[in-house]
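Protein chains in written order, with my numbering: chain Y, 1 to 114; chain E, 1001 to 1115. Using N, Cα and C, we set each Cβ at its ideal position, and we do this for glycine too.
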Amino acid sequence: AQTVTQSQPEMSVQEAETVTLSCTYDTSESDYYLFWYKQPPSRQMILVIRQEAYKQQNATENRFSVNFQKAAKSFSLKISDSQLGDAAMYFCAYRSSYGQNFVFGPGTRLSVLP
Amino acid sequence: DVKVTQSSRYLVKRTGEKVFLECVQDMDHENMFWYRQDPGLGLRLIYFSYDVKMKEKGDIPEGYSVSREKKERFSLILESASTNQTSMYLCASSEAHRSSGNTIYFGEGSWLTVV
């Protein structure tokens, strides 16, 4: 079974600075998808960014980018120019190409300091 | 806009009560999920459904059941609520995996307290 690990339960960053959240996963599959989700204090989970494992190019969405290292099974999220609205729980998630389920990590709580 | 609606945001129930958590999605998604979210444990899958009347157990199905009579509606049932089921429950939906990387959409969550 696949597992997703986020080794940083909590992190903080100064406003306008850059922060990187770590995620590692364990799988024997070669084709899969990885996601970062954000859960603000209002609680609704929203998609931040998505990466297809077959793509070597790292995904980017505005201030959010990933560092996808397939061999190392690592998928970190970089947030540039951090804003107060970035404060949230961030979940890393894995989805197999062959299944329907999503596997989530335990989450990292990010605080943004003014 | 994508919409997953959970009927109750906050519930307080007594031990032994039967509890229904309802979820409706308006995206015509085949898959629907119920997750439980606890601090330090992230999201754990309780059940998911890939079609009407079809269901599969997730990682923590004990003490729960589900019902999917219509495509848009997925209900989570606690037959006899216990205090260790106090948690946040998240409903979600996604398209069936015909193409790559379909994402999952979440409701706002239901906070259940069992006393």
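Counting only runs of at least 4 residues, the stretch 36-106 of chain Y fully encloses no alpha helix (DSSP H) element at all. The Cβ-Cβ distance between GLU1022/E and ARG1068/E does not fall below 8 angstroms. Note that the C-beta distance between ALA53/Y and TYR32/Y is below 8 angstroms.
Among the residues of the stretch 7-26 of chain Y, those with a Cβ less than 8 angstroms away from any Cβ of chain E are PRO9, in the order of the chain. Within chain Y, no C-beta atom comes nearer than 7 angstroms to that of ILE1046/E; the closest sits roughly 11 angstroms away. C-alpha of PHE104/Y to C-alpha of ASN67/Y: approximately 18 angstroms in a straight line. Distance check between VAL1024/E and each of THR1113/E, TRP1111/E, LEU1041/E and LYS1071/E places LYS1071/E closest, using alpha-carbon atoms only. Linking GLY1016/E to CYS92/Y through their CA atoms gives a straight-line distance of about 35 angstroms.
Counting the other Cβ atoms within 10 Å of the Cβ of SER1094/E gives 16 or more, which makes it buried. The Cβ neighbour count for ARG1009/E, taken over all protein chains shown within 10 Å, is under 16; the residue is labelled exposed. Think of a sphere of 8 angstroms around the beta carbon of LEU1090/E: the chain Y residues whose beta carbon falls inside it are MET45, in chain order.
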